[in-house]
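Under the UniProt record's numbering, the first residue of the sequence shown is numbered 1, with each subsequent residue one higher. Each residue gets a CB set at the ideal place from its N, CA and C atoms; glycine is no exception. Just so you know, these numbers come straight off a predicted model, no measurement behind them.
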Amino acid sequence: MLLFSLLLAILSDTPALAQNGLVNRGSFLTSGNKLKIGEALVSPSGEFAVVTKTDGNLCVLRDSDHTGVWCSRSTSAGEAVYVTGMQTDGNLCTATEDARPHIAWCLTDQPRYDGPFFLAMQDDANLCIYNGTPGHITGTVWCSMALATPRLPRLVYGHAYHLKNGFDHWSGGYLDTRNPGCERNALCVSTANTDERDQGSGSWLLKSAQGKADGTPVMPGDKIFLKNLYPWGDDPSGGKFGGYLDTRQPGCEGNKLCVSTSMKANSNTNTSVWTVETDRFNTYIGQALRLRNGWDGSYLDTRNPGCEGNLLCVSTSASANRDRNSGDWRFETSLAAYAARYAPRLRFDTAAKGYPMSAQPYFEQRVQRQPAGTVQNTDPNTLGSGTIPTYYQAIKVGEQIRIKYWWFYGYQSACDGVSGSHHADWENVTVILAEDRNSIAAVVFEMHGDFYTRLAARNAFAIEEGTHPVVYVGKASHASFYNQGGIGDVCLPWEEWRNNHSGTHLDSWTRLLNLDDNGEAWMAIDRTVDFEWGGISTHPTRLGPSASMKATKWSFFNDTRRHSNCKLGDTQYNDHCMKSWWSSYNFDYEIPTTDRGLLVNED
Numbered sequence: 001m002l003l004f005s006l007l008l009a010i011l012s013d014t015p016a017l018a019q020n021g022l023v024n025r026g027s028f029l030t031s032g033n034k035l036k037i038g039e040a041l042v043s044p045s046g047e048f049a050v051v052t053k054t055d056g057n058l059c060v061l062r063d064s065d066h067t068g069v070w071c072s073r074s075t076s077a078g079e080a081v082y083v084t085g086m087q088t089d090g091n092l093c094t095a096t097e098d099a100r101p102h103i104a105w106c107l108t109d110q111p112r113y114d115g116p117f118f119l120a121m122q123d124d125a126n127l128c129i130y131n132g133t134p135g136h137i138t139g140t141v142w143c144s145m146a147l148a149t150p151r152l153p154r155l156v157y158g159h160a161y162h163l164k165n166g167f168d169h170w171s172g173g174y175l176d177t178r179n180p181g182c183e184r185n186a187l188c189v190s191t192a193n194t195d196e197r198d199q200g201s202g203s204w205l206l207k208s209a210q211g212k213a214d215g216t217p218v219m220p221g222d223k224i225f226l227k228n229l230y231p232w233g234d235d236p237s238g239g240k241f242g243g244y245l246d247t248r249q250p251g252c253e254g255n256k257l258c259v260s261t262s263m264k265a266n267s268n269t270n271t272s273v274w275t276v277e278t279d280r281f282n283t284y285i286g287q288a289l290r291l292r293n294g295w296d297g298s299y300l301d302t303r304n305p306g307c308e309g310n311l312l313c314v315s316t317s318a319s320a321n322r323d324r325n326s327g328d329w330r331f332e333t334s335l336a337a338y339a340a341r342y343a344p345r346l347r348f349d350t351a352a353k354g355y356p357m358s359a360q361p362y363f364e365q366r367v368q369r370q371p372a373g374t375v376q377n378t379d380p381n382t383l384g385s386g387t388i389p390t391y392y393q394a395i396k397v398g399e400q401i402r403i404k405y406w407w408f409y410g411y412q413s414a415c416d417g418v419s420g421s422h423h424a425d426w427e428n429v430t431v432i433l434a435e436d437r438n439s440i441a442a443v444v445f446e447m448h449g450d451f452y453t454r455l456a457a458r459n460a461f462a463i464e465e466g467t468h469p470v471v472y473v474g475k476a477s478h479a480s481f482y483n484q485g486g487i488g489d490v491c492l493p494w495e496e497w498r499n500n501h502s503g504t505h506l507d508s509w510t511r512l513l514n515l516d517d518n519g520e521a522w523m524a525i526d527r528t529v530d531f532e533w534g535g536i537s538t539h540p541t542r543l544g545p546s547a548s549m550k551a552t553k554w555s556f557f558n559d560t561r562r563h564s565n566c567k568l569g570d571t572q573y574n575d576h577c578m579k580s581w582w583s584s585y586n587f588d589y590e591i592p593t594t595d596r597g598l599l600v601n602e603d
């Protein structure tokens, strides 16, 4: 079935665009045809491409970041003008076309006589030669078997995004609405220092101006509308909104057109229509692109500071890159979207004593009324119901995002059958993202006040379904572990059972509640009133992630240093991290706020 679905994908339409400086030749190359430098075979999704390079290599690349998946050679064959040919004898060769051709690489030296053949670039990054024709496949000759998945999520219609300006190394701020009446339009448009200055002012709903359905990917060359989500005027589709990104009147900031918002989509004049331009075969979250206005073809641009008391003024320019990438924009998802994308999967011991629950019924029954008895969740069947909340807080530290996830347990059973029990147990982990926000850099696991940090670059924790770190939950204590294990029902944290033989788990992204909101009534009280949650004084609304976080905290009975990672490139030696034999530091170092020390060596 997998092969069948891949072959169906090969036969589907591909975007006939020239991107990356490459001409798209479609997804297959039939016998007797060649792939020249400057051309690409592109997978049906557009997320992988195979190219002939000037060093004689034939390489499969990711469209999103141009990183390599597979190459025919490990070294250069020397700079020259090469072509790759799908030969009639089933061989695939890269060579020059001189009178005396220089062969850089051939798949085999054994000809075949069961053609015809064709080469296919597939959506799983596999490069394959098949017998037959694209419409009639009779067998498989060869596949590179270097499989991969896309690294960046694609832009999708119907989703809300923040738009960050690329001026001077992405310091141009976020596209924002502020104050009414500019150019006799709805709201003035400028850039703000933050992505959400005021109630949706920095959020833009991406809609097709060509009738494409919500949920479909945005393609290069598409014409789009951008609807601001500030609740200012009546949205024709219902509710309130801040209008469509629009151009009106010339000359603002010495540029071409002034930019504001309009309460209607001016598709008849195209002033509210923007064409997406990029050097990729697809559009991706976090990748630079340009927006060209439909009225006169000028580009959305930042120029001059201070409009509307904001960061930079926004207008349009005749140039796509007027000044230090001032015409570049990247779409970013909201903190809530990142929280969902990287939320952990909790895996419970087969004989777990209690599961997460909403804090609200406990707060009403135990905190406010203070009766005897326990309020807890002992039913594992609730884990897949989508009703159990995971609470979170998220912040930006420069380009890095830190997300702290909390779970509430109404009761903690005795860890050894005698001691350690108490009402109301709050547990958490913190997920720290890479600066490009396309992967996890580190996870901080907490266990009753102690904690330790594990780095993705050291393969120090498991990830499932591509983006969700795995947290193994202590059988009774509910402490957070990066691994399974334990020796019994004991109170020493690292000896406690945490074996997920039954597969019981909670996908925490199914119900996320932001602790900065008031999604449950207890949150507003927790921020200001000093009460105890059943004998403990943890107040999660006041304990969010910060820019200054230690990597490790340990105690006499819980030496988390044995499980915490030093910064990348440094070595653990007993209870210290060694940069060299003459330079060391403690495990409670401050977690870096950039990729240096987490994903790349600090030095």
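What is the DSSP secondary structure of residue i, counted as helix, strand or coil?
i, result
"ALA9", "Interpretation of ALA9 is limited by its pLDDT of 38, a score under 50 that renders its predicted location unreliable; the figure taken from the coordinates is listed afterwards. Looking at ALA9 - three-state DSSP - the assignment turns out to be helix."
"CYS59", "strand"
"ALA192", "strand"
"MET1", "No answer about MET1 holds up, because its pLDDT of 32 lies below 50 and its placement is not dependable."
"LEU335", "helix"
"CYS307", "helix"
"PRO180", "strand"
"ARG437", "coil"
"THR216", "coil"
"HIS448", "coil"
"HIS159", "coil"
"THR571", "strand"
"residue 646", "Outside the displayed span of the chain (1 to 603) sits residue 646, for which this structure offers no information."
"ARG542", "helix"
"HIS169", "helix"
"TRP329", "strand"
"ARG280", "coil"
"ARG151", "coil"
"ARG324", "coil"
To the nearest angstrom, how far is the alpha carbon of residue i from that of residue j?
i, j, result
"TYR362", "GLN368", "9 Å"
"residue 605", "VAL218", "Residue 605 lies beyond the residue range present for the chain, which begins at 1 and ends at 603; the question has no answer from this structure."
"PRO592", "ILE432", "10 Å"
"PHE48", "ASP65", "10 Å"
"ARG248", "LEU175", "17 Å"
"SER201", "GLU97", "57 Å"
"PRO380", "ASP234", "45 Å"
"SER508", "GLY132", "47 Å"
"ALA337", "GLY534", "33 Å"
"ASP114", "TYR130", "11 Å"
"LEU17", "TRP232", "Low local confidence applies: a pLDDT of 38 at LEU17 is under 50, so the model's placement there is unreliable, and no value is given."
"MET195", "ILE395", "It should be pointed out that residue 195 corresponds to Asp in this sequence rather than to Met. Answer to the nearest angstrom: the Cα atoms are 11 Å apart."
"TRP105", "SER546", "53 Å"
I believe residue i touches residue j by the beta-carbon criterion, under 8 Å. Please report the beta-carbon distance rounded to the nearest angstrom.
i, j, result
"ASN57", "VAL42", "Actually they do not touch by this definition, with Cβ atoms about 18 Å apart."
"LEU456", "SER439", "According to the sequence displayed, residue 456 carries Ala and not Leu. About 7 Å; that satisfies the 8 Å criterion."
"GLY309", "ALA320", "The Cβ separation is near 28 Å, so there is no contact."
"TYR409", "VAL429", "Not quite, the Cβ-Cβ distance comes to about 14 Å (not below 8 Å), so this is no contact."
"VAL314", "THR261", "Not really, about 11 Å apart at Cβ, beyond 8 Å."
"GLU602", "LYS567", "6 Å"
"ALA441", "LEU599", "5 Å"
"TRP70", "VAL60", "4 Å"
"GLN393", "LEU515", "5 Å"
"THR221", "THR275", "Position check: residue 221 holds Gly in this sequence, whereas Thr was assumed. Their Cβ separation, rounded to whole angstroms, is 7 Å, which keeps GLY221 and THR275 in contact under 8 Å."
Any idea which residues DSSP pairs residue i with across the strands?
i, result
"LEU257", "PRO250 and THR316"
"SER208", "ILE224"
"ASP301", "SER315"
"LYS353", "LYS353 pairs with nothing; no bridge assigned."
"ILE463", "PRO469"
"THR275", "LYS223 and ARG292"
"VAL428", "Just to set this straight, residue 428 is Asn in the shown sequence, not Val. Its beta-bridge partners are TRP406."
"GLU602", "DSSP lists no partner for GLU602."
"ARG197", "For ARG197, which the question treats as bridged, DSSP gives no partner whatsoever."
"ASP234", "LYS240"
"PHE587", "Answer by DSSP bridge pairing: none, since PHE587 is not bridged."
"ALA442", "ILE432 and LEU455"
"residue 613", "An answer regarding residue 613 cannot be provided, because it is not within the stretch 1 to 603 covered by the chain."
"GLY488", "GLU496"
Check the Cβ-Cβ distances between residue i and every residue of chain D, and say whether any is below 7 Å.
i, result
"ASN282", "Here there is only one protein chain, and chain D is not present."
Can we count residue i as close to the ligand SAH, meaning its CB is less than 6 Å from some heavy atom?
i, result
"TRP232", "The ligand content of the structure shown is nil, which means the ligand SAH is not present either."
Continuous beta strand (DSSP E) assignments of at least 3 residues falling wholly in the region 355-409
Complete beta strand (DSSP E) runs here, min 3: 390-397.
Enumerate, from N- to C-terminal direction, the unbroken beta strand (DSSP E) stretches of 3 or more residues contained entirely within the UniProt domain "Bulb-type lectin" (26-142).
28-30, 33-36, 39-42, 48-52, 58-62, 68-71, 82-86, 92-96, 103-106, 117-121 and 127-133
Inside the region 498-537 only - beta strand (DSSP E) runs reaching at least 3 residues
505-507 and 512-514
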